[in-house]
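Chemist:
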Amino acid sequence: MELLLALAFILILVATVAIIPSDGHGHTPEERSLQDWSDGVLPSRPFSQLMRW
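As structure tokens, then:
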């Protein structure tokens, strides 16, 4: 029984590791906005960059 559980765990672990590269995680290109935007109170840039004089 323990062997079956260990094999199932290893299979799930291998399947998870195998699907991550094919899913595209970590390969998303960064998209920059040309204009500043906001979503409610959240700006498109960090607050420290917005308050520069």
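Note that our numbering has the sequence shown beginning at 66, numbered continuously upward.
Using N, Cα and C, we set each Cβ at its ideal position, and we do this for glycine too.
#1: Which of the three DSSP states, helix, strand or coil, is assigned to leucine 69?
#2: Compute the beta-carbon to beta-carbon distance between tryptophan 102 and serine 113, rounded to the nearest angstrom, for a pair I have assumed lies under 8 Å.
#3: Do you know how far the Cα of leucine 76 is from the Cα of isoleucine 85?
#4: According to DSSP, simplified to helix, strand and coil, what is proline 108?
#5: Looking at the structure shown, is glutamine 100 part of a helix, part of a strand, or coil, going by DSSP?
Modeler: The relevant details are as follows:
#1: Locating residue 69 in the sequence shown gives position 4, where the first residue counts as 1. Leucine 69: helix per DSSP, three-state reduction.
#2: On the sequence shown, position 37 is the one that residue 102 refers to. On the sequence shown, position 48 is the one that residue 113 refers to. Taking a contact as a CB-CB distance under 8 Å, the pair tryptophan 102 and serine 113 does not count as one, their CB atoms being some 18 Å apart.
#3: Working through the sequence shown from its first residue, we reach residue 85 at position 20. Working through the sequence shown from its first residue, we reach residue 76 at position 11. Approximately 15 Å between the Cα atoms of the pair.
#4: The residue labelled residue 108 in the question sits at position 43 within the sequence shown. Note: proline 108 maps to strand in three-state DSSP.
#5: Locating residue 100 in the sequence shown gives position 35, counting from the first residue. Residue state, collapsed to three classes: coil.
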